[in-house]
Structure formats: C-alpha cells, structure tokens
Amino acid sequence: MEVRPPLTLSSFILFEERRRARAAGEKGDFCALLASIQSACKIISRAVHRAGVDELHGALEHVNIQGEVVKRLDVLSNDTLIHFLCNSGQLCVATSEETEDIIRPPDYLTGEFVVTFDPLDGSSNIDAGVNVGTIFGIYRRISDSGPDGRQPGNIQDALQPPKNLIAAGYTMYGASTILVLATEQGVNGFTLDTGIGEFIMTHPEIKLPTRGKTYSINEGNSASWDKSTTEFIAYCKSEDESKKCYSLRYIGTMVGDVHRTLCYGGIFMYPADARAKNGKLRLLYECGPMGYIVEKAGGRATTGKMQIRDIQPVELHERAPIFLGSKLDVEQVEAIYAKNS
Ligand code: P6P
Numbered sequence: 004m005e006v007r008p009p010l011t012l013s014s015f016i017l018f019e020e021r022r023r024a025r026a027a028g029e030k031g032d033f034c035a036l037l038a039s040i041q042s043a044c045k046i047i048s049r050a051v052h053r054a055g056v057d058e059l060h061g062a063l064e065h066v067n068i069q070g071e072v073v074k075r076l077d078v079l080s081n082d083t084l085i086h087f088l089c090n091s092g093q094l095c096v097a098t099s100e101e102t103e104d105i106i107r108p109p110d111y112l113t114g115e116f117v118v119t120f121d122p123l124d125g126s127s128n129i130d131a132g133v134n135v136g137t138i139f140g141i142y143r144r145i146s147d148s149g150p151d152g153r154q155p156g157n158i159q160d161a162l163q164p165p166k167n168l169i170a171a172g173y174t175m176y177g178a179s180t181i182l183v184l185a186t187e188q189g190v191n192g193f194t195l196d197t198g199i200g201e202f203i204m205t206h207p208e209i210k211l212p213t214r215g216k217t218y219s220i221n222e223g224n225s226a227s228w229d230k231s232t233t234e235f236i237a238y239c240k241s242e243d244e245s246k247k248c249y250s251l252r253y254i255g256t257m258v259g260d261v262h263r264t265l266c267y268g269g270i271f272m273y274p275a276d277a278r279a280k281n282g283k284l285r286l287l288y289e290c291g292p293m294g295y296i297v298e299k300a301g302g303r304a305t306t307g308k309m310q311i312r313d314i315q316p317v318e319l320h321e322r323a324p325i326f327l328g329s330k331l332d333v334e335q336v337e338a339i340y341a342k343n344s
C-alpha cells in the first residue's frame, strides 16, 4: 500500500512558496514570514481552545483604540503575533486592530514585508464558544530598505491599498482550527492536526460558486440601511419560478461568516448605514485581506460603489463598507447602487 504523507502547511511553504519566490528572485524570505504567522496561530489556537480551563475568558479593565472592551485573549493573541512577526527578521512594519500606532521590530531585525492583522476577530463572542479568528494581510514595503536592508519602515508602508497585497489569510478557531492562505497562485485551506502540531492541507484550490444561496448580514440594522441595501436584501428574500429565496446565515464573527461564504458561496455584508457612514469593519486588517482572499477564489468584494481593492487608506484604523462573496451576487449589489446613484 502506497503511504502518501499528507501535504502540510510547512511543506507547502518550504517547497511550493520557497521555489516560487527563489525563481522570482524576490527580496526577503516570504516563507520565513509565513512560518512565523503559522507558529503564532498554533499558540493562539491552543489558548482559545483552553480558555475556559485556563481561566482566559473575560475582559480586562481597559478598551482598545476601537473603543471596544479588551478580552484577555485579545491581548494574548496580539502579543503572540507581534512577538513572532518582530523576531522573524522579515517585518518592516505591522498594523494591528489592538495597537494604535504602527508596530516596528528592532532595527537589526527589519525586513521586507508589511503585515496588517486582526489578532482575534470576533472576540466579543469568545466567552460563548462561538468561532473566532485571526485575519492577516501581507504587503511588500514601499519605503527604501537602505544599503543593509534594515532601514526602519514608516506609516506609508502600512497605508497601502488592498490591490498591493501579495498574500492574505485567516485562521478560524472553532470545532477545528483552519488556516486559509491566499497567494497570487490561489487559495488553499489547512486544518490543524493537534496530534502532530501541523496544519494539513484539507481544502485545496478553493473556488467560490458564481452564485450563492445564502445572504449574511445583521438584520438588526435594517432600519438604518440605505435604499440600495434594502433593495438587495428584498431581492434575497424574494422567490419566483426562476429563483428560490436565500437563507440567512449570520454568525457575528467575520472570519466565520466569510469562511462559510468561501466554502458554499453566497454574500457577506457589512454595509454603510445611517449610523455608520463607513460601516463597522476596518479596511486594513478586515475588509482588505478578506476581499483579497475572496477575489483569489473567483469572487468579488465591493463597498457597493467601488472595489475594496482600490481604496487608498488614509488612516490605519479607517473603516469601509463591504459586500463580498459570489461574483454574480456582488455584481447585483453594484448594479443596484449604480441604478440608485
Ligand atoms: P455586529 C466582531 O465584533 C466584528 O468585528 C466582526 O467579526 C463581525 O463581522 C462584526 O463585528 C459583527 O458586528 O454589529 O453584527 O455585532
């Protein structure tokens, strides 16, 4: 019987990505950066799954830059990612939902890449055992790295539009821990085998269906929606001989709602509304990376009026309205916004 060893994320990084990067003559070690993110996610996964036992649930006394109550696991996740990224020798600067300013490694460890991340997306749900996740996006630095390649980066390195992303991913901590990685070559998913401590490839070459059967939005905000959102949701709920009504699925954690959309198709939405003119989700470490992943899987991501990939950020923590998922569903939203403009 032929024994076919599983393809692990470590071997995918070392063989697939390293071969490609070397052939492309790229600066920096993209594989070392991915390996540092993988290690951090393994540690966060263990903390999330042991939270109740290790008394890591609950909130601390302070709020973060977003004005949100900070959970113990938010701090652990943020500190873990900062530690591994800064010690990888590959980081120029990083932006985190939990940190007001850009994060820089010690000068002698400065590298070629910029990482934006939400260390524990959906952490308000953690005490109820609902899926949470880590979201990350990877850019190349745009500032000059200097003769020794160790020139410190600056905020302009962090304020890049999502179209400059070279990779993005998320790790969802749920019944299992699944890391989804999107690069220019495509989107692959890996499930953590805790018995060997390795992520095993379980979702090769993820492709989104062009049309879905579910819509995902917080219906509690419907009184504040604009005309276009209201019109599209009415379409989702309509049924005739050519179309069944869509089912509503909403977890309240972006990573969970996007992962389901990536696996089954459909559309996830956090639109602008009368109370939040730019919606709730942050461009650099939520909308941008998730939009990149969905696009690399054949889907689409828009604010309704422009593609997420084209937004030029002005501030580290700015928000953006987002509709993402199956191509035809998202194009329908864009057509409604165009009609109503
Ligand atoms: P609402 C979690 O707090 C989060 O930032 C995203 O993960 C999620 O998609 C959204 O907010 C949920 O927001 O207003 O529906 O509770």
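Its first residue numbered 4, the sequence shown is counted upward by one per residue in the working numbering.
Glycine is no exception: its CB is placed at the ideal position from the N, C-alpha and C atoms.
{"Check": "Assuming CYS290 and THR137 are in contact, meaning their beta carbons sit under 8 Å apart, how far apart are those beta carbons, in whole angstroms?", "Outcome": "About 16 Å separates the two Cβ atoms, so there is no contact after all."}
{"Check": "Evaluate contact between the segment 80-98 and the segment 108-125, counting only Cβ atoms and requiring at least three cross-stretch pairs below 8 Å.", "Outcome": "yes"}
{"Check": "Rounded to the nearest angstrom, what separates ILE311 and GLU222 at their Cα positions?", "Outcome": "23 Å"}
{"Check": "May I ask you to check if the CB of GLY125 is nearer than 7 Å to at least one heavy atom of the ligand P6P?", "Outcome": "yes"}
{"Check": "To which residues does DSSP link ASN191 through a beta bridge?", "Outcome": "LEU184"}
{"Check": "Closer than 7 Å: is that where the CB of LEU3 sits relative to any heavy atom of the ligand P6P?", "Outcome": "Only positions 4 to 344 of the chain appear in this structure, which leaves residue 3 out of reach."}
{"Check": "Can you tell me which of ILE46, SER39, GLU19, LYS240 puts its alpha carbon nearest to the alpha carbon of LEU195?", "Outcome": "ILE46"}
{"Check": "Where does PRO9 sit, in a helix, a strand or coil, going by DSSP?", "Outcome": "coil"}
{"Check": "Indicate whether the contact test is met: 3 or more Cβ pairs, each with one atom in the segment 245-261 and one in the segment 298-309, closer than 8 Å.", "Outcome": "no"}
{"Check": "Under 7 Å Cβ to Cβ from PHE235, same chain only, skipping five residues before and after it: list those, please.", "Outcome": "GLN335, VAL336, ILE339"}
{"Check": "I need the DSSP call for TYR273, collapsed to helix, strand or coil.", "Outcome": "strand"}
{"Check": "Buried or exposed: which applies to VAL6, given that a residue is buried once 16 or more other Cβ atoms fall within 10 Å of its Cβ?", "Outcome": "exposed"}
{"Check": "Return helix, strand or coil for VAL118, following the three-state DSSP convention.", "Outcome": "strand"}
{"Check": "May I have the straight-line CA-CA distance separating ARG53 from GLU242, to the nearest angstrom?", "Outcome": "45 Å"}
{"Check": "Quick one, are the C-beta atoms of SER219 and MET175 less than 8 Å apart?", "Outcome": "no"}
{"Check": "What distance in whole Å lies between the Cβ atoms of GLY215 and HIS206, which are believed to be in contact at a cut-off of 8 Å?", "Outcome": "Contact doesn't hold; Cβ gap of about 17 Å is too wide."}
{"Check": "Where does the unbroken beta strand (DSSP E) through TYR173 begin, and where does it stop?", "Outcome": "170-176"}
{"Check": "How big is the Cα-Cα spacing for PHE326 and MET309?", "Outcome": "10 Å"}
{"Check": "Report yes if the C-beta distance between ARG49 and CYS95 is below 8 Å; otherwise report no.", "Outcome": "no"}
{"Check": "Does the Cβ of VAL117 have 16 or more other Cβ atoms within 10 Å, making it buried, or fewer, making it exposed?", "Outcome": "buried"}
{"Check": "Beta carbon of ASP32: closer than 7 Å to some heavy atom of the ligand P6P?", "Outcome": "no"}
{"Check": "How about the segment 150-164 and the segment 172-191: do they share at least three Cβ pairs that are nearer than 8 Å?", "Outcome": "no"}
{"Check": "Starting from the C-beta of LEU162, find all residues in its chain whose C-beta is less than 6 Å away, skip the five residues before and the five after it, and write them out in chain order.", "Outcome": "PRO316"}
{"Check": "By the 10 Å Cβ neighbour count, where 16 or more other Cβ atoms means buried, how is GLU101 classified, buried or exposed?", "Outcome": "buried"}
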